[in-house]
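Numbered by the working numbering, the letters in the sequence shown go through residues 9 to 112 in order.
Every residue gets a Cβ at the ideal spot worked out from N, C-alpha and C, and that includes glycine.
Note that the structure is a prediction, hence the values are computed from the model and not measured.
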Amino acid sequence: MNLRVSENYAHPPESSACRRHHTDGNLVLSELNPLAVTDQLDGDSAPLNLLTFGSVREICPKCQHTHLKLVLRQNSVRMAHLFCADCESCFDAHYTNGAPALTI
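The following block contains the structure:
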């Protein structure tokens, strides 16, 4: 897969009251098949442009040194996920109680 990642979204200021807080802030990451989360173009040689919405505190479990990036649904992205720009792996995230972490 040939991916091009850009990060140019400006985050609006948030008050801590509007953010969801869970008693256990640790996330459980599950690797996803990249073909299941993105729509492929005509050929694998065509780059897929992804807009990321910043890095998260979680480190890639495969690389173990790169912070993952948040990718929300967009034209060629079927579901929100965390993405490692180094190894091009995709991950779903949920809390230890099973609640999804990437849904609004």
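- Cβ-Cβ distances below 7 Å link residue 40 to 89, 98, 99, 100 in the same chain, with the five nearest sequence neighbours on each side left out; the list follows chain order.
- The criterion of a C-beta distance shorter than 7 Å is satisfied by residue 79 and residue 58.
- Here residue 107 carries a coil assignment [DSSP, helix/strand/coil].
- In the DSSP assignment, residue 43 falls within the unbroken alpha helix (DSSP H) covering 42-45.
- Annotation for residue 34: no beta strand (DSSP E) segment contains it, and DSSP assigns it neither H nor E.
- Between residue 36 and residue 102, the CB-CB gap stays under 7 Å.
- Residues of the same chain with a CB within less than 8 Å of the CB of residue 77, apart from the 5 flanking positions on each side, are 13, 15, 60, 61, 62, 63, 64, 90, 91, 92, 93 in chain order.
- For residue 86 against residue 47, the beta-carbon gap comes to about 7 Å, under 8 Å, which counts as contact.
- The DSSP-derived three-state label of residue 66 is strand.
- Counting along the chain, the unbroken beta strand (DSSP E) around residue 89 starts and ends at 89-91.
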